[in-house]
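Here's the structure we're looking at; comments come further down.
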Amino acid sequence: MAKTDGKNLKPGTRVVTAGRRPEWTGIPGQPGRVVSPAVWRASTHLYEDSAALADGPKTNEDGQFFYGRRGSPTQWALCEALTALEPGAHGTMLYPSGVAAIAGALLSVVRPGGTLLITDNAYDPTRSMGTGLLKTFGVETKFFDPLDLDAFRTLVAQGVQAVFLEAPGSLSFEVCDIPALAAIAKDAGAWVLIDNTWPGPTGLHAIELGCDGTVNALTKHVGGHSDLMMGAATGTERLYRRLRRTAQQMGQVVSPDDAALALRGLRTLDVRLERETQSALAIARWLADRPEVETVLCPMLEGAPGHELWKRDFIGGCGLFGFVLKTRDADARARFIDALDLFGIGYSWGGFESLALPTNPAKDRSVASWPPPGVDPACTLGVRLSIGLEDPADLIADLEQGFAEMERA
Ligand SMILES: *Cc1c(COP(=O)(O)O)cnc(C)c1O
14 MAKTDGKNLK
24 PGTRVVTAGR
34 RPEWTGIPGQ
44 PGRVVSPAVW
54 RASTHLYEDS
64 AALADGPKTN
74 EDGQFFYGRR
84 GSPTQWALCE
94 ALTALEPGAH
104 GTMLYPSGVA
114 AIAGALLSVV
124 RPGGTLLITD
134 NAYDPTRSMG
144 TGLLKTFGVE
154 TKFFDPLDLD
164 AFRTLVAQGV
174 QAVFLEAPGS
184 LSFEVCDIPA
194 LAAIAKDAGA
204 WVLIDNTWPG
214 PTGLHAIELG
224 CDGTVNALTK
234 HVGGHSDLMM
244 GAATGTERLY
254 RRLRRTAQQM
264 GQVVSPDDAA
274 LALRGLRTLD
284 VRLERETQSA
294 LAIARWLADR
304 PEVETVLCPM
314 LEGAPGHELW
324 KRDFIGGCGL
334 FGFVLKTRDA
344 DARARFIDAL
354 DLFGIGYSWG
364 GFESLALPTN
374 PAKDRSVASW
384 PPPGVDPACT
394 LGVRLSIGLE
404 DPADLIADLE
414 QGFAEMERA
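Just so we're aligned, residue 14 is where the sequence shown starts under our numbering, counting upward by one.
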């Protein structure tokens, strides 16, 4: 809605208004008469005459129809909405998955002979991108402990082209000092990207904290209904120019049908995250008092590791957190998870339904220690919960009967 552009709106309002340009939300001759943009399925661009065809390349500008691969008003509305949610951003590119967005963003900033620093708590496919594809392109990847600023400074001094952050880590949930890491990297002339999937596009203003851009797996919070795969990279003008060129050369596009689903999810993002956060906090507090639990990994929780940085830098929370069991018996953990009735067992997260997943972050790290300092090193059996929109009292009752089943050896 162009009328509201430039106003200092809160995220809960912006998710409702952003991207609803009258020319994208109307019927012919009546702009702005429909709430959401139509699903514009389109490949071919028809030209008026030969002269217009010869002028065709001039229409490869954002917001002009060029060819289906460059999107239609449905995808543009989603891009504009995501850009509007990230202060300091100039534009957004869409990708068929979150992993594709990570790949598109990294390929936009690294060059053969360059060094990429990836946080040690990064999502596993991000690590594989560095040690796999990028390696074959002559990029060297090094991992760093996100909580050790001095070691990071030393690595940066050895030369760096780009830094990739993730906060909190989506398995281990430690929160790094984003502005401090970004400032060190920026001083060395490096690009700084962050996987923003945990906070989502409303929960962290990463560019204001010093990053050049953010990557979001829209599959998670924005889709919100476990029926969509999509990713986005949002950046400053300098980064966006690179993202756009790389995505065009790689032929990345998402379908208008999927873009419409993502936009629909986005409109209720704020209220879903609010509810998930409140439920997750109630469940995390309950777990912290349980005798079966060694430690709760939830930076939203008062007094938990990372809470102070989370409170300082993040605007919102979400339903994803973890805990470590006291038991060293993997079968006991399996009994607990298998006994859960309201929690599905599965990867992914951010849907309306709750999920549980056994985790062992140690196997996806190379420099930062696991379990974290202060936790008995023999306790390595983790569980990750994605709290959905069910009533938290029912979820707690379900976890309680799961623990009873676990103890029934
Ligand atoms: C799921 C996830 C991704 C990848 O998203 P997909 O759409 O599943 O490819 C990236 N980063 C994080 C932190 C994730 O949890």
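Glycine included, C-beta positions come from ideal geometry on N, C-alpha and C.
Following a CB-centred definition, is residue i positioned closer than 6 Å to any heavy atom of ligand 1?
i, result
"residue 202", "no"
"residue 232", "yes"
"residue 136", "yes"
"residue 183", "yes"
"residue 152", "no"
"residue 242", "yes"
"residue 208", "yes"
"residue 145", "no"
"residue 316", "no"
"residue 110", "yes"
Excluding five sequence neighbours on each side, which residues of the same chain lie with their C-beta closer than 6 Å to the C-beta of residue i?
i, result
"residue 7", "Shown here, the chain extends from 14 to 422; a query on residue 7 therefore has no answer."
"residue 353", "369, 411 and 415"
"residue 118", "206, 228 and 246"
Output the distance between the C-alpha atoms of residue i and residue j, rounded to the nearest integer angstrom.
i, j, result
"residue 143", "residue 130", "9 Å"
"residue 8", "residue 231", "Nothing about residue 8 can be read from this structure; the chain reaches only from 14 to 422."
"residue 421", "residue 410", "17 Å"
"residue 126", "residue 287", "44 Å"
"residue 185", "residue 310", "7 Å"
"residue 138", "residue 149", "16 Å"
"residue 346", "residue 367", "18 Å"
"residue 261", "residue 83", "8 Å"
"residue 36", "residue 274", "20 Å"
"residue 183", "residue 263", "28 Å"
"residue 96", "residue 124", "26 Å"
"residue 284", "residue 25", "7 Å"
"residue 208", "residue 386", "24 Å"
"residue 324", "residue 155", "29 Å"
"residue 43", "residue 308", "58 Å"
"residue 268", "residue 103", "22 Å"
"residue 32", "residue 147", "34 Å"
"residue 342", "residue 351", "14 Å"
"residue 65", "residue 322", "55 Å"
"residue 193", "residue 281", "33 Å"
"residue 317", "residue 300", "13 Å"
"residue 168", "residue 106", "30 Å"
For residue i, collect the residues of the same chain with a Cβ closer than 7 Å to its Cβ; drop the 5 residues on either side in sequence, then sort them by chain order.
i, result
"residue 158", "133, 164, 380 and 381"
"residue 238", "278, 364 and 365"
"residue 79", "58, 72 and 73"
"residue 403", "355 and 367"
"residue 38", "45, 47, 48, 49 and 50"
"residue 270", "52"
"residue 329", "212, 215, 216, 286 and 290"
"residue 393", "373, 375 and 384"
My output table needs one value for residue i: the three-state DSSP class, helix, strand or coil.
i, result
"residue 164", "helix"
"residue 138", "helix"
"residue 52", "coil"
"residue 69", "helix"
"residue 4", "Because residue 4 is not part of the residues shown, which for the chain are 14 to 422, the question remains open."
"residue 24", "helix"
"residue 340", "coil"
"residue 33", "coil"
"residue 379", "coil"
"residue 210", "coil"
"residue 122", "helix"
"residue 245", "strand"
"residue 232", "coil"
"residue 355", "coil"
"residue 287", "helix"
"residue 403", "coil"
"residue 14", "In this predicted model, residue 14 has a pLDDT of only 42, less than 50, meaning its place in the structure is not dependable enough to derive any value."
"residue 6", "Nothing in the structure corresponds to residue 6, since the chain is present only between 14 and 422."
"residue 38", "coil"
"residue 131", "strand"
"residue 395", "strand"
"residue 181", "coil"
"residue 250", "helix"
"residue 186", "coil"
"residue 261", "helix"
I'd like the list of long-range same chain contacts for residue i, defined as Cβ closer than 8 Å, with 5 residues on each side in sequence excluded.
i, result
"residue 296", "398, 400, 405, 408, 409 and 412"
"residue 101", "218, 220, 221 and 249"
"residue 331", "211, 212, 213, 216, 234, 286, 289, 290, 293 and 363"
"residue 359", "368 and 370"
"residue 419", "305, 340, 345, 346, 348, 349 and 352"
"residue 338", "305, 306, 307, 345, 346, 349, 392, 394, 395 and 396"
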